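Number of protein chains: 2
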Amino acid sequence: MKRRLFLYINMNKHSKEISLIDCRSAERADKIKKVVNKRQPTLTIVLENVHDPHNVSAVIRSCDAVGILDIHFVYHSGQSFPVLAEKSSASARKWVFTHRHDSIEDCFKLLRQQGKSIFTTAMSVDSISLFEMNLTQPIALVFGNEHNGVSETALQLADGNFLIPQVGMIQSLNISVACSVTIYEAFRQRMIAGMYNENQLKDTELQQYVNMFSDNSRTYK
Amino acid sequence: MKRRLFLYINMNKHSKEISLIDCRSAERADKIKKVVNKRQPTLTIVLENVHDPHNVSAVIRSCDAVGILDIHFVYHSGQSFPVLAEKSSASARKWVFTHRHDSIEDCFKLLRQQGKSIFTTAMSVDSISLFEMNLTQPIALVFGNEHNGVSETALQLADGNFLIPQVGMIQSLNISVACSVTIYEAFRQRMIAGMYNENQLKDTELQQYVNMFSDNSRTYK
Numbered sequence: 006m007k008r009r010l011f012l013y014i015n016m017n018k019h020s021k022e023i024s025l026i027d028c029r030s031a032e033r034a035d036k037i038k039k040v041v042n043k044r045q046p047t048l049t050i051v052l053e054n055v056h057d058p059h060n061v062s063a064v065i066r067s068c069d070a071v072g073i074l075d076i077h078f079v080y081h082s083g084q085s086f087p088v089l090a091e092k093s094s095a096s097a098r099k100w101v102f103t104h105r106h107d108s109i110e111d112c113f114k115l116l117r118q119q120g121k122s123i124f125t126t127a128m129s130v131d132s133i134s135l136f137e138m139n140l141t142q143p144i145a146l147v148f149g150n151e152h153n154g155v156s157e158t159a160l161q162l163a164d165g166n167f168l169i170p171q172v173g174m175i176q177s178l179n180i181s182v183a184c185s186v187t188i189y190e191a192f193r194q195r196m197i198a199g200m201y202n203e204n205q206l207k208d209t210e211l212q213q214y215v216n217m218f219s220d221n222s223r224t225y226k
Numbered sequence: 006m007k008r009r010l011f012l013y014i015n016m017n018k019h020s021k022e023i024s025l026i027d028c029r030s031a032e033r034a035d036k037i038k039k040v041v042n043k044r045q046p047t048l049t050i051v052l053e054n055v056h057d058p059h060n061v062s063a064v065i066r067s068c069d070a071v072g073i074l075d076i077h078f079v080y081h082s083g084q085s086f087p088v089l090a091e092k093s094s095a096s097a098r099k100w101v102f103t104h105r106h107d108s109i110e111d112c113f114k115l116l117r118q119q120g121k122s123i124f125t126t127a128m129s130v131d132s133i134s135l136f137e138m139n140l141t142q143p144i145a146l147v148f149g150n151e152h153n154g155v156s157e158t159a160l161q162l163a164d165g166n167f168l169i170p171q172v173g174m175i176q177s178l179n180i181s182v183a184c185s186v187t188i189y190e191a192f193r194q195r196m197i198a199g200m201y202n203e204n205q206l207k208d209t210e211l212q213q214y215v216n217m218f219s220d221n222s223r224t225y226k
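Which chain is which? The protein sequence lines are A and B, in order. As numbered in the numbering used here, the first sequence has no gaps in its residue numbers, which increase by one up to the final residue, 226. As numbered in the numbering used here, the second sequence has no gaps in its residue numbers, which increase by one up to the final residue, 226.
Next up, the structure:
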């Protein structure tokens with residue numbers, strides 16, 4: 006496969022200073038390629054009406070950490086996307102693709118087209134434990150609003166519901182914690198299954214994402 | 006074992022209203038007993054100079070969720086315990102015992118007396134992966150300040166260091182996320198080992214903690 010090492014272009018041509026910059030750029034290009042090679046297009050999360058910007062930022066950082074490529078945000082019923090702190094969100098949002106939807110129906114339709122099963126997490130009787138889930142399958146995991154949880158619509162349209170086991174008095178985890186614990190369990194299962202050792206993206210996609218991540222002028226919404 | 010059901014005291018004696026309150030109290034007493042029965046005295050965490058109150062509150066909630074009984078806070082070098090939001094912290098701090106120390110040395114001395122191994126988490130070469138750790142052993146897991154990580158003293162005095170695997174660009178998880186992912190891996194391992202099916206506390210301790218949790222007048226620092 007052709008490597009896009011345009012950053013080497015000035016190597017050994019100009020001053021030491023420029024060479025140093027080029028080396029750093031080459032290192033960065035190499036890191037981007039390594040990261041893209043481990044991205045998991047078959048694992049995604051949906052945040053429905055999550056309003057706390059700290060939570061959203063923390064979730065995005067965790068998604069980057071486990072190799073999630075796309076995050077879906079659904080804001081409806083008057084709830085809008087929160088204003089994220091520039092510093093922490095900018096560094097996180099650069100490395101995942103965020104998709105916004107106005108309704109659960111639209112979001113789930115897209116996820117179905119991608120062949121993903123959809124699981125919500127809500128306190129209900131027909132739940133399975135996180136640790137009993139098969140998280141190596143193509144899957145979307147839905148987390149709801151801090152106070153109201155996931156909507157009835159999401160519950161009804163999903164394939165199932167799971168619970169993070171708890172043995173405490175409070176029975177309420179922070180939303181970014183709940184999401185991170187879940188996707189780290191997916192990470193653990195997928196590591197064991199060797200899914201981080203083989204590219205999960207097509208060759209053309211790999212190159213496309215390497216180019217997008219390398220593009221410092223890329224804007225993100 | 007003698008059960009402390011003092012909350013039943015007025016049952017069937019007075020009005021329906023009082024009976025309802027008693028039933029709720031009885032349910033609560035029952036829940037407290039169940040929760041205490043699953044507490045894990047051989048698993049603890051240490052937060053060193055963690056200053057963000059949101060992080061501290063989220064960590065306490067996660068500790069309650071996985072059955073941690075004691076949390077150790079070490080504040081030194083001018084850093085002080087953060088002011089926690091009354092609402093979220095009060096509900097969380099009621100169900101775990103928080104211990105404050107002025108130095109890593111004092112804290113680790115106590116943990117050694119309890120027979121615990123001590124592991125820090127810091128970006129260093131001699132690290133093992135979280136998922137390779139044996140978290141069923143008596144163990145204390147140390148998490149450092151948001152910006153500076155764990156101190157040199159903690160690193161030097163610990164038995165080892167572990168890393169939460171990451172395959173992203175940022176290489177920096179939120180501290181409450183890092184802590185929660187770690188203790189949930191401990192939870193998973195301990196569930197498999199059957200450690201939530203058998204009391205981990207002595208009978209006298211069980212009763213003592215049930216009494217303490219049932220005492221609404223208990224103050225916590």
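Note that CB positions come from ideal geometry on N, CA and C, so glycine has one too. None of these values were measured; they are calculated from a predicted model.
Chain B contact for Arg29 (chain A) (CB, 8 angstroms cutoff): Stepping through the first sequence from its first residue, residue 29 (chain A) is reached at position 24. Closer than 8 angstroms: no.
CB contact below 8 angstroms: Ser69 (chain A) versus chain B: Position 64 of the first sequence, counting from 1, holds the residue named residue 69 (chain A). According to the sequence provided, residue 69 (chain A) is Asp. The question's Ser does not apply to it. By this cut-off, Asp69 (chain A) is an interface position.
Listed by chain order, chain B residues near Gln171 (chain A) by CB distance under 7 angstroms: Walking along the first sequence from the start, residue 171 (chain A) turns up at place 166. Here the neighbours are Ala70.
For Gly165 (chain B), the residue or residues it bridges with in DSSP: On the second sequence, residue 165 (chain B) is found 160 positions in, with the first residue counted as 1. DSSP lists B:Phe124 as partners of Gly165 (chain B).
Stretch pair the region 127 to 139 of chain B + the region 98 to 107 of chain B: three plus CB contacts closer than 8 angstroms: Cβ pair count under 8 angstroms is below three, so no.
Ala191 (chain A), buried or exposed, once every other Cβ within 10 Å from all chains shown has been counted against 16: Locating residue 191 (chain A) in the first sequence gives position 186, counting from the first residue. Looking at its Cβ environment, which holds 16 or more other Cβ atoms inside 10 Å, Ala191 (chain A) is buried.
Ala145 (chain A) at chain B interface by Cβ criterion, 8 angstroms: As a working mapping, residue 145 (chain A) is identified with position 140 in the first sequence. So no, Ala145 (chain A) is outside the interface.
Residues from the region 179 to 196 of chain A in contact with chain B, defined by Cβ distance under 8 angstroms: Asn179, Ser181, Val182, Ser185, Val186, Tyr189, Glu190, Phe192, Arg193, Met196
Under 8 angstroms by beta carbon: chain A residues contacting Ser177 (chain B): Within the second sequence, numbered from 1, the residue matching residue 177 (chain B) stands at position 172. The answer, in chain order, is Arg66.
Closer than 9 angstroms at the beta carbon, the chain A residues around Val40 (chain B): Along the second sequence, one-based indexing puts residue 40 (chain B) at 35. One finds Val172, Gly173, Met174 in chain A with Cβ atoms closer than 9 angstroms to the Cβ of Val40 (chain B), taken in chain order.
Coil, strand or helix - Ser85 (chain B) by DSSP: Position 80 of the second sequence, counted from the start, is the residue given in the question as residue 85 (chain B). Ser85 (chain B): coil per DSSP, three-state reduction.
Contact the region 67 to 74 of chain A vs the region 34 to 48 of chain A: 3+ CB pairs below 8 angstroms: With the cut-off at 8 angstroms, the region 67 to 74 of chain A and the region 34 to 48 of chain A touch.
C-beta neighbour in chain A for Tyr214 (chain B), strict 8 angstroms: Within the second sequence, numbered from 1, the residue matching residue 214 (chain B) stands at position 209. Judged by the 8 angstroms Cβ criterion, Tyr214 (chain B) is not in contact with chain A.
Chain A contacts from the region 46 to 64 of chain B (Cβ-Cβ distance under 7 angstroms): His59, Ala63
Helix, strand or coil at Asp208 (chain A) [DSSP, three-state]: For this step, residue 208 (chain A) is matched to residue 203 along the first sequence. The answer is helix: DSSP assigns Asp208 (chain A) an H, G or I state.
Cβ-Cβ separation, Cys112 (chain A) to Val155 (chain A) (assumed contact under 8 angstroms), whole Å: Counting from one through the first sequence, the residue named residue 155 (chain A) turns up at place 150. Counting from one through the first sequence, the residue named residue 112 (chain A) turns up at place 107. Actually they are not in contact, since the Cβ atoms of Val155 (chain A) and Cys112 (chain A) sit about 12 angstroms apart, beyond 8 angstroms.
The beta strand (DSSP E) enclosing Ile144 (chain A), as first and last residue numbers: Counted from its first residue, the first sequence places residue 144 (chain A) at position 139. 144 to 148 is the extent of the beta strand (DSSP E) around Ile144 (chain A).
Cutoff 8 angstroms: Phe167 (chain B) Cβ touching any chain A Cβ: Within the second sequence, numbered from 1, the residue matching residue 167 (chain B) stands at position 162. It does not; no Cβ of chain A falls within 8 angstroms.
As assigned by DSSP and simplified to three states, the class of His106 (chain B): Position 101 of the second sequence, counting from 1, holds the residue named residue 106 (chain B). Residue state, collapsed to three classes: strand.
Residues that Ala97 (chain B) contacts on chain A, provided the C-beta gap is smaller than 7 angstroms: On the second sequence, position 92 is the one that residue 97 (chain B) refers to. Contacts between Ala97 (chain B) and chain A, judged by CB atoms closer than 7 angstroms, involve Ile175 in chain order.
Residues near Ala63 (chain B) by beta carbon distance below 6 angstroms, same chain, minus five either side: By one-based count along the second sequence, residue 63 (chain B) stands at place 58. Hits under 6 angstroms: Ser181.
Contacting residues, own chain, Cβ-Cβ under 6 angstroms from Val40 (chain A) (five flanking each side not counted): One-based indexing of the first sequence puts residue 40 (chain A) at position 35. Excluding sequence neighbours, Val40 (chain A) sits near nothing in its chain.
Assumed close pair Ser67 (chain B), Leu178 (chain A) - CB separation to whole angstroms, cut-off 8 angstroms: Here the question's residue 67 (chain B) lines up with position 62 in the second sequence. Here the question's residue 178 (chain A) lines up with position 173 in the first sequence. Correct: roughly 6 angstroms between the Cβ atoms.
Integer-rounded CB distance, given that Val55 (chain A) should sit under 8 angstroms from Phe148 (chain A): Counted from its first residue, the first sequence places residue 148 (chain A) at position 143. Counted from its first residue, the first sequence places residue 55 (chain A) at position 50. Rounded, the Cβ-Cβ distance is 7 angstroms, consistent with contact.
Nonlocal neighbours in the same chain, by C-beta distance under 7 angstroms from Asp164 (chain B), ignoring five residues either side: The residue you call residue 164 (chain B) lines up with position 159 of the second sequence. Only Ser122, Ile123, Phe124 meet the Cβ criterion.
Exposed unless 16 or more other CB atoms sit within 10 angstroms - verdict on Val186 (chain A): Locating residue 186 (chain A) in the first sequence gives position 181, counting from the first residue. Per the 10 Å Cβ criterion, buried.
Extent of the continuous beta strand (DSSP E) to which Ser132 (chain B) belongs: Here residue 132 (chain B) is taken as the residue at index 127 of the second sequence, counted from 1. That run of the beta strand (DSSP E) goes 132 to 134.
Chain B contact residues for Phe136 (chain A), given Cβ-Cβ distances below 8 angstroms: By 1-based counting over the first sequence, the position of residue 136 (chain A) is 131. Within 8 angstroms Cβ-Cβ: Arg193, Met196.
Nearest candidate by alpha-carbon position, reference Gln299 (chain B), set B:Ala127, B:Ala97, B:Ala145, B:Thr126: Limits of chain B in this structure are 6 at one end and 226 at the other, which puts residue 299 (chain B) out of reach.
Pick from B:Asn150, B:Leu162, B:Asn216, B:Ala183 that is closest to Pro170 (chain B), judged by C-alpha positions: Translated into positions along the second sequence, residue 170 (chain B) becomes position 165. When each option's Cα is compared against that of Pro170 (chain B), the closest is B:Ala183.
Collapsed DSSP secondary structure at Glu137 (chain A) in the structure displayed: By one-based count along the first sequence, residue 137 (chain A) stands at place 132. Glu137 (chain A) falls in the helix class under three-state DSSP.
Option in B:Glu137, B:Gln194, B:Met217 with minimal Cα separation from Met196 (chain A): As a working note, residue 196 (chain A) is residue 191 in the first sequence. Nearest C-alpha to Met196 (chain A): B:Glu137.
Beta-carbon proximity check, Ile175 (chain B) vs Ala34 (chain A), cutoff 8 angstroms: Against the second sequence, residue 175 (chain B) aligns to sequence position 170. Against the first sequence, residue 34 (chain A) aligns to sequence position 29. Not in contact: Ile175 (chain B) and Ala34 (chain A) (Cβ atoms no closer than 8 angstroms).
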